[in-house]
Amino acid sequence: MDSESSYFKFYNGVVGYPLLFVLIIWFVFWVEIKFGLDFTQWGVRPRTFKGLRGVLFSPFIHSGIKHLWHNTTPLLVLSTALFYFYRTISWKVLVLIVFLSGLGTWLIGRTSYHIGMSGVIYGLVAFLFFKGILAKHYRLVALSLVVVFLYGSLIWGTMPTSQNISWEGHLSGFIAGALIALRFRESVPKPITYAWEEPDYNEADDPFMRQFDEDGNFFELPPDPKIDTEADCYTIIYHFVSNDGVDAQALDVPQNDL
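Just so we're aligned: 258 in the working numbering is position 207 of the sequence shown, and the numbers increase by one with no gaps anywhere.
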């Protein structure tokens, strides 16, 4: 496990990668509009060999500007959290979410084309929530609570509430994120431990704790006789100019007075 100081570290990818993902999905949509193309057939088509290509391509295809916009902000926020809080496993998690959510949609989806980044977003929500709870690290638990506060209502999207929404993709992504959180449950930062938290800690060996009596009252320890209190002397030579001319003085100053 990495130490906490090296685990939570900002780097260019924390912002750069999420922005890149957003630019890609907007660029794909722009190409469709600009050249009058329709990439829907590159989505997931359940239980067909040709439809397997959608496992890779479907997250980058959207049906319209509203669909695209609704996925842009969650993708930006959640992927930023992933790359910052889970830097060492971020790419593994992201690739697995894309693959498992797409494969799950291919297995349980209706006979239609399933497109959009929603499955990946549901996977990120589930991963960030369950991973923080399982890790029991105060920062990651706080992240889990923030994710629930912002996107907790997405849980309703995993149910068949509308024929126009791929709830199968949402459900597959959510399950994938939860499973991946279980898979990487041991990948957590090592918390900072202090001397008094060590199993072999002894208060009698701690100079600070020895300044408290049995009732917790503070008192000042007497000087340690083993410490040599004889201070060395330094010779300081300084020059100054007076009205009478130049004069030089030398003083012996004890080390403790410096």
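Ideal Cβ positions, reconstructed from N, Cα and C, are used throughout, including at glycine.
Among residues of its own chain, excluding the 5 on either side of residue i, which ones have a beta-carbon nearer than 7 Å to its beta-carbon?
| i | result |
| --- | --- |
| PHE180 | SER195, VAL198 and VAL199 |
| PHE80 | HIS113 and LEU119 |
| GLY64 | PHE134 |
Just the Cα atoms here: how many angstroms apart are residue i and residue j?
| i | j | result |
| --- | --- | --- |
| LEU175 | ALA229 | 9 Å |
| HIS221 | TYR68 | 23 Å |
| ALA232 | ASP257 | 41 Å |
| ARG138 | LEU154 | 25 Å |
| TRP218 | TYR202 | 16 Å |
| PRO211 | GLU249 | 52 Å |
| ALA193 | LYS143 | 23 Å |
| PRO97 | LEU107 | 14 Å |
| LEU147 | SER223 | 12 Å |
| ILE216 | TYR252 | 58 Å |
| LYS187 | GLN92 | 43 Å |
| HIS121 | GLY170 | 13 Å |
| MET52 | PHE259 | Residue placement at MET52 cannot be trusted, given a pLDDT of 49 that sits under 50; the coordinates are not used to answer. |
| GLY94 | ALA227 | 19 Å |
| PHE150 | ARG261 | 59 Å |
With a CB to CB cut of under 6 Å and the five nearest residues on each side skipped, what residues in its chain are close to residue i?
| i | result |
| --- | --- |
| PHE235 | ILE140 |
| PHE225 | TYR173, ALA177 and THR209 |
| TYR62 | none |
| PRO125 | ILE172 |
| LEU127 | PRO69 and VAL73 |
Taking Cβ positions only, does residue i come closer than 8 Å to chain B?
| i | result |
| --- | --- |
| VAL82 | Absent here is chain B; the protein component of the structure consists of one chain. |
Run the CB neighbour count on residue i, radius 10 Å, all protein chains shown included, and call it buried at 16 or more, exposed below.
| i | result |
| --- | --- |
| GLY87 | exposed |
| TYR164 | buried |
| GLY183 | buried |
| THR156 | buried |
| GLY115 | exposed |
| TYR189 | exposed |
| LEU71 | exposed |
For the alpha helix (DSSP H) that residue i lies in, which residues bound it at each end?
| i | result |
| --- | --- |
| HIS118 | 116-136 |
| TYR202 | 189-202 |
| ARG98 | From DSSP, ARG98 is part of no alpha helix (DSSP H); its letter is neither H nor E. |
| GLY167 | Premise fails: GLY167 is in no alpha helix (DSSP H) and is neither H nor E. |
| LEU103 | Here LEU103 belongs to no alpha helix (DSSP H), and DSSP marks it neither H nor E. |
| TRP77 | 63-86 |
| PHE269 | It is not in any alpha helix (DSSP H) - PHE269 carries neither H nor E in the DSSP assignment. |
| ARG234 | 218-234 |
If you drop the 5 nearest sequence neighbours on each side, which residues of the same chain put their C-beta closer than 8 Å to that of residue i?
| i | result |
| --- | --- |
| THR123 | VAL73, ILE76 and TRP77 |
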